[in-house]
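For reference, the structure is listed below as structure tokens.
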Amino acid sequence: MELKGKLAIVTGVSKGIGLETVKTLLEAGMYVAGWGRTNNSIDHKNYHFFKTDVADWENVQASYKATKEQLGNPAVLINNAGFGIQGLIHEIDVEDWKSMYDVNVHGLFYCIKMAAPDMIDNQEGHIVNISSIAGTNGVKTMSGYVGSKHAVTGIGHSIFQELRDYGIKVTTIYPGSTNTNFFDDMEFANANENMMRPQDIAQTILGSLQTHPNYHVVDVEVRPLKPKG
Numbered sequence: 001m002e003l004k005g006k007l008a009i010v011t012g013v014s015k016g017i018g019l020e021t022v023k024t025l026l027e028a029g030m031y032v033a034g035w036g037r038t039n040n041s042i043d044h045k046n047y048h049f050f051k052t053d054v055a056d057w058e059n060v061q062a063s064y065k066a067t068k069e070q071l072g073n074p075a076v077l078i079n080n081a082g083f084g085i086q087g088l089i090h091e092i093d094v095e096d097w098k099s100m101y102d103v104n105v106h107g108l109f110y111c112i113k114m115a116a117p118d119m120i121d122n123q124e125g126h127i128v129n130i131s132s133i134a135g136t137n138g139v140k141t142m143s144g145y146v147g148s149k150h151a152v153t154g155i156g157h158s159i160f161q162e163l164r165d166y167g168i169k170v171t172t173i174y175p176g177s178t179n180t181n182f183f184d185d186m187e188f189a190n191a192n193e194n195m196m197r198p199q200d201i202a203q204t205i206l207g208s209l210q211t212h213p214n215y216h217v218v219d220v221e222v223r224p225l226k227p228k229g
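Structure below.
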């Protein structure tokens with residue numbers, strides 16, 4: 001897709017992969033609508049922030065309407081918002097479990113539900129879902145997060161078959177350990193320089209977007225080469 005001058009919606013833009021993705025897409029000449037509960041420090045004429053809680057269906061509808069009114073229809077949707085809470089299956093709090101699914105799964109659905117009809121009308125679009133290595137295997141004490149990311153995998157694999165005939169691509173990216181705030185409250189790991197950089201994940205997203213119209217990157221698994229240094 002030719003990206004220059006087109007609009008991307010990116011969720012979860014306050015830090016980490018979302019923040020670096022916004023920077024990368026702006027450098028590629030795109031307009032970016034940043035959705036999140038908190039903003040970042042980016043000051044760019046083509047960046048516009050819309051306060052959004054993707055877990056809230058009414059809020060997502062309002063943000064999409066405002067985005068369209070100000071910036072037009074999106075060509076790209078990056079579903080990056082997500083988080084994980086650690087806990088044994090019999091000990092994790094029920095509300096924590098629900099909140100992970102509300103953001104990681106329901107939020108992704110809400111955003112796609114809003115953007116897909118306009119992409120279908122335009123006969124062009126690219127949806128990128130940020131899953132995790134946890135979307136391909138199990139992780140002890142992370143069953144809630146793992147389950148939500150397996151759902152992202154299944155959704156992506158299903159909807160690319162639904163949307164491909166309309167010229168819409170769906171890519172799911174599975175990052176391994178990445179140096180972000182994700183690990184702030186985790187007992188089994190701490191963010192460190194041996195993990196991947198979020199800007200490299202952003203470059204992977206960009207690469208999938210810049211492909212030939214008939215070339216569809218469905219799944220991308222990325223890991224640090226030397227996770228122990």
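Residue 1 is where the sequence shown starts when you use the numbering used here, and the numbers rise one by one after that.
All C-beta atoms in this analysis are idealised placements derived from N, C-alpha and C, irrespective of residue type, glycine included.
What is the residue span of the alpha helix (DSSP H) that residue i lies within?
i    : result
P175 : Unbroken run through P175 is the beta strand (DSSP E), I168 to P175; no alpha helix (DSSP H).
N59  : W57 to L71
G154 : S143 to L163
M100 : V94 to Y101
I85  : Taken as a continuous stretch (DSSP letters only), I85 belongs to no alpha helix (DSSP H), as it is neither H nor E.
K23  : G16 to E27
Let me check one thing: in DSSP terms, what residues is residue i bridge-paired to?
i    : result
F50  : W35
T11  : W35
I78  : V10 and V128
T178 : M196
V222 : P175
Assuming residue i and residue j make a contact with CB atoms under 8 Å, what is their CB distance in whole Å?
i    : j    : result
V54  : T21  : So it is not a contact: roughly 15 Å between Cβ atoms.
I159 : I112 : 7 Å
S14  : N39  : 7 Å
P74  : A8   : 6 Å
S177 : K149 : About 14 Å; that fails the 8 Å criterion.
Q161 : T24  : So it is not a contact: roughly 28 Å between Cβ atoms.
T171 : V128 : 5 Å
I168 : I120 : 7 Å
W57  : Y101 : About 14 Å; that fails the 8 Å criterion.
M142 : V60  : Rounded, the Cβ-Cβ distance is 26 Å, inconsistent with contact.
A28  : L3   : 5 Å
G16  : P198 : 5 Å
Count the other CB atoms, across all protein chains shown, that sit within 10 Å of the CB of residue i; report buried if there are 16 or more and exposed otherwise.
i    : result
Q86  : buried
V76  : buried
S41  : exposed
I89  : exposed
P117 : exposed
V94  : exposed
H44  : exposed
P175 : buried
G82  : buried
G72  : exposed
K140 : exposed
L108 : buried
L209 : buried
H126 : buried
N104 : buried
W228 : Note that residue 228 is Lys in the sequence shown, not Trp. K228 is exposed by the Cβ-count criterion.
P213 : exposed
K98  : exposed
G5   : exposed
G207 : exposed
The beta strand (DSSP E) that contains residue i, what's its start and end?
i    : result
H106 : Looking at the DSSP string, H106 is not in any beta strand (DSSP E), and its letter there is neither H nor E.
I303 : Residue 303 lies beyond the stretch modelled for the chain, which goes from 1 to 229, so this question has no answer here.
V218 : Per DSSP, V218 belongs to no beta strand (DSSP E) and is neither H nor E.
Check whether the Cβ of residue i lies closer than 9 Å to any Cβ atom in chain D.
i    : result
S208 : Protein chain content of the structure displayed is limited to a single chain, and chain D is not contained in it.
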